[in-house]
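A.B. asks:
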């Protein structure tokens, strides 16, 4: 017999379990990828991920993704975007607005990429 | 300079682009995984994916995932579940209810696994 956890994940419920910002929480894993939730506010650090594409899916608020060519992608709830590997980006929110988002990326991905920052979380918590 | 498509994906809008059932559409790719949308109704075929975990995230309706041990996982909108590789399962809906869902799985995954069925779609369309 296989071991099969019968645990489904309710995304809103998972969002209700934490309040800390810039600290992605793992809610599911598959094929070496992790599905994470995060609450963010303000400007993150510029960074890239040399070998990993990163999916952003917004649940609440407006997420801005700035790129070094001066362009910005703006994501509303229900919208998603894949930042290709090697592309430097900076997640950012409106002043005073907390944004809730889902991330999908390989298990080894650090959210600040190769950039070490006071915001870097070395090991993401599972919730 | 890198090539960076500035295309964000609006999930509701993508759902509005198709009506055919049991025919997953690719809306994004990352790290060898594909994000797909599907509309389903009725009973699918029993199948497994020998080497691929599969994520189901429900947007509309109630999705049932039956397992060979007799158990069923029931997913409402905003709920997700990962079917581990090698685990036989049967997606199913209530009578007469169309269910909208998002799938995440490796690019090589066939939605009917190794089972050939009249429902098998060999190559998923990108929308």
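Residue numbers (the numbering used here), protein chains in the order written: chain A, 2 to 128; chain B, 2 to 128. For every residue, glycine included, the Cβ atom is placed at its ideal position computed from N, Cα and C.
1. Could you give the first and the last residue of the continuous beta strand (DSSP E) run that contains residue 30 of chain A?
2. For a cutoff of 9 Å on Cβ pairs, would you count residue 107 of chain B as touching chain A?
3. Grab me the residues of residue 55 of chain A's own chain with a C-beta within less than 6 Å of its C-beta, minus the 5 sequence neighbours each way, in chain order.
4. For residue 126 of chain A, which residues in the same chain have their Cβ closer than 6 Å to its Cβ, ignoring the five residues on either side in sequence?
5. Between B:81, B:87, B:117, which has its C-alpha nearest residue 15 of chain A's C-alpha?
6. List the residues of chain B whose Cβ lies closer than 7 Å to the Cβ of residue 34 of chain A, in chain order.
7. According to DSSP, which residues form a beta bridge with residue 81 of chain A?
8. Could you list which residues in chain A have their beta carbon closer than 9 Å to that of residue 81 of chain B, in chain order?
9. I'd like the span of the beta strand (DSSP E) that includes residue 74 of chain B, first residue to last.
10. With a 10 Å radius around its C-beta and 16 neighbouring C-beta atoms as the bar for buried, classify residue 20 of chain A as buried or exposed.
11. When the Cα atoms are used, what is the spatial distance from residue 121 of chain B to residue 73 of chain A?
12. Which one or two residues does DSSP pair with residue 90 of chain B in a beta bridge?
13. Could one say the Cβ of residue 44 of chain A lies closer than 9 Å to chain B's Cβ atoms, at least one of them?
14. Which first and last residues belong to the beta strand (DSSP E) in which residue 100 of chain A is found?
15. Against residue 53 of chain B, what residues of chain A qualify as contacts under a CB-to-CB distance less than 7 Å, listed in chain order?
16. Please compile the residues from chain A whose C-beta is within a distance smaller than 8 Å of the C-beta of residue 56 of chain B.
17. Which of the three DSSP states, helix, strand or coil, is assigned to residue 40 of chain B?
18. Less than 8 Å between C-beta atoms, sequence neighbours within five positions excluded: which residues of the same chain meet that for residue 30 of chain B?
19. Which one or two residues does DSSP pair with residue 34 of chain A in a beta bridge?
20. Taking only the alpha-carbon atoms, compute the straight-line gap between residue 58 of chain B and residue 103 of chain A and give it to the nearest angstrom.
21. Just confirm the distance between the C-beta atoms of residue 9 of chain A and residue 76 of chain B, as a whole number of angstroms; I'd bet it's less than 8 Å.
22. Look at the alpha carbon of residue 118 of chain A and the alpha carbon of residue 46 of chain A, and state the distance between them as a whole number of angstroms.
23. Just tell me which of B:78, B:110, B:68 has its CA closest to the CA of residue 61 of chain B.
24. Could you check whether residue 100 of chain B and residue 66 of chain B sit closer than 9 Å to each other, using their CB atoms as the reference points?
C.D. replies: Well, looking at it:
1. 26-31
2. yes
3. 84, 106
4. 26
5. B:81
6. Taking a Cβ-Cβ cut-off of 7 Å, the neighbours of residue 34 of chain A in chain B comprise 32, 34, given in sequence order.
7. A:58, B:10
8. 9, 10, 11, 12, 28, 29, 36
9. 73-76
10. exposed
11. 39 Å
12. B:48, B:68
13. no
14. 100-107
15. 32
16. 29, 31, 36
17. strand
18. 36, 108
19. A:31, A:107
20. 12 Å
21. 6 Å
22. Computed Cα separation, rounded: 8 Å.
23. B:78
24. no
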